[in-house]
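Student: Dumping the structure here so I can ask a few things about it.
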Amino acid sequence: MAEPIIIDAENGSFGRISSFAAKQALEGREVVVVNSEKAVITGNKKDIIRRYKKIRAKGGHSQKGPKYSKLTSRMMKRGIRGMLPDHRKGIGKEAFKKIKCYDGLPDKFKDKEMIKFKSTSRKFISLKELSEKL
1259 MAEPIIIDAE NGSFGRISSF AAKQALEGRE VVVVNSEKAV ITGNKKDIIR
1309 RYKKIRAKGG HSQKGPKYSK LTSRMMKRGI RGMLPDHRKG IGKEAFKKIK
1359 CYDGLPDKFK DKEMIKFKST SRKFISLKEL SEKL
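Sequential numbering from 1259 applies to the sequence shown in our numbering.
And the structure:
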């Protein structure tokens, strides 16, 4: 089995990381995203927080879904899922199985080569800050 592609999400744009990871997974590669909590969503903080609160409010009631997690690694994984074709069947399901997201940097990936993304925007909110505000 080939080495997984490791993406360091620190200061990287959420959308760019998500689309890159989804594309790599669709091509059959294992994808690991580390430092998920440090990824940033560009735009006005208040607008982003309001949009995510609205999405979470739609989350159904009792045991019914859809559920939107506050955990940053789950938020990242859900963002990647949104870039895949139907994640419940076919190639989307297979690609989704190849994606792993972590908060922080696990020891097994410390000495590995990573792909880094840079965000150039001045207006942004990190996933960690966003999850704390929800």
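Yeah, the Cβ is synthetic: ideal placement off N, Cα and C, and Gly gets one too.
None of these values were measured; they are calculated from a predicted model.
1) Is the CB-CB distance between Leu1385 and Pro1343 below 9 Å?
2) Going along the chain, which unbroken runs of the alpha helix (DSSP H) with 4 or more residues stay wholly within the segment 1308–1360?
3) Around the C-beta of Gly1337, are 16 or more other C-beta atoms found within 10 angstroms, so that it is buried, or is it exposed?
4) Rounded to whole angstroms, what is the Cα-Cα separation between Tyr1310 and Asn1293?
5) Using the three-state DSSP reduction, which class does Asp1369 fall into: helix, strand or coil?
6) Within the continuous alpha helix (DSSP H) that includes Ser1384, where are the two ends?
7) Tell me which residue opens and which closes the alpha helix (DSSP H) that Lys1281 is part of.
8) Please list, in chain order, all residues of the same chain as Glu1288 whose beta carbon is under 6 Å from its beta carbon, the five residues on each side excluded.
9) For Thr1330, which of Glu1387, Lys1368, Ile1265 has the nearest alpha-carbon?
10) With the cut-off set at 9 Å, would you say Lys1299 and Phe1272 are in Cβ contact?
11) Between the Cα of Lys1303 and those of Leu1392, Ile1383, Lys1316, Phe1367, spot the shortest distance and give me the residue it belongs to.
12) Let me check one thing: in DSSP terms, what residues is Thr1300 bridge-paired to?
Tutor: This is what the structure gives:
1) Residue numbering aside, residue 1385 sits at position 127 when the sequence shown is read from its first letter. Residue numbering aside, residue 1343 sits at position 85 when the sequence shown is read from its first letter. Not closer than 9 Å, so no.
2) 1330–1340, 1348–1355
3) Residue 1337 sits at position 79 when you count from the first residue of the sequence shown. Buried, because 16 or more other Cβ atoms sit within 10 Å of the Cβ of Gly1337.
4) For this step, residue 1310 is matched to residue 52 along the sequence shown. For this step, residue 1293 is matched to residue 35 along the sequence shown. Using only the alpha carbons, I get a separation of about 20 Å.
5) Numbered from 1 along the sequence shown, position 111 holds the residue referred to as residue 1369. Asp1369 falls in the coil class under three-state DSSP.
6) Locating residue 1384 in the sequence shown gives position 126, counting from the first residue. Note, Ser1384: premise wrong, no alpha helix (DSSP H); beta strand (DSSP E) at 1382–1384.
7) One-based indexing of the sequence shown puts residue 1281 at position 23. Segment 1272–1284, the alpha helix (DSSP H) holding Lys1281.
8) Within the sequence shown, numbered from 1, the residue matching residue 1288 stands at position 30. Cβ within range, chain order: Pro1262, Lys1356.
9) Along the sequence shown, one-based indexing puts residue 1330 at 72. With distances taken between Cα atoms, Thr1330 lies closest to Glu1387.
10) Sequence index remark: in the sequence shown, residue 1299 carries index 41 (1-based). Sequence index remark: in the sequence shown, residue 1272 carries index 14 (1-based). This sequence places Ile at residue 1299; Lys is not what is there. Closer than 9 Å, so yes.
11) For the purposes of this step, residue 1303 is identified with residue 45 of the sequence shown, where counting begins at 1. Ranking Leu1392, Ile1383, Lys1316, Phe1367 by Cα distance to Lys1303 puts Ile1383 first.
12) Walking along the sequence shown from the start, residue 1300 turns up at place 42. Paired residues: Phe1382.
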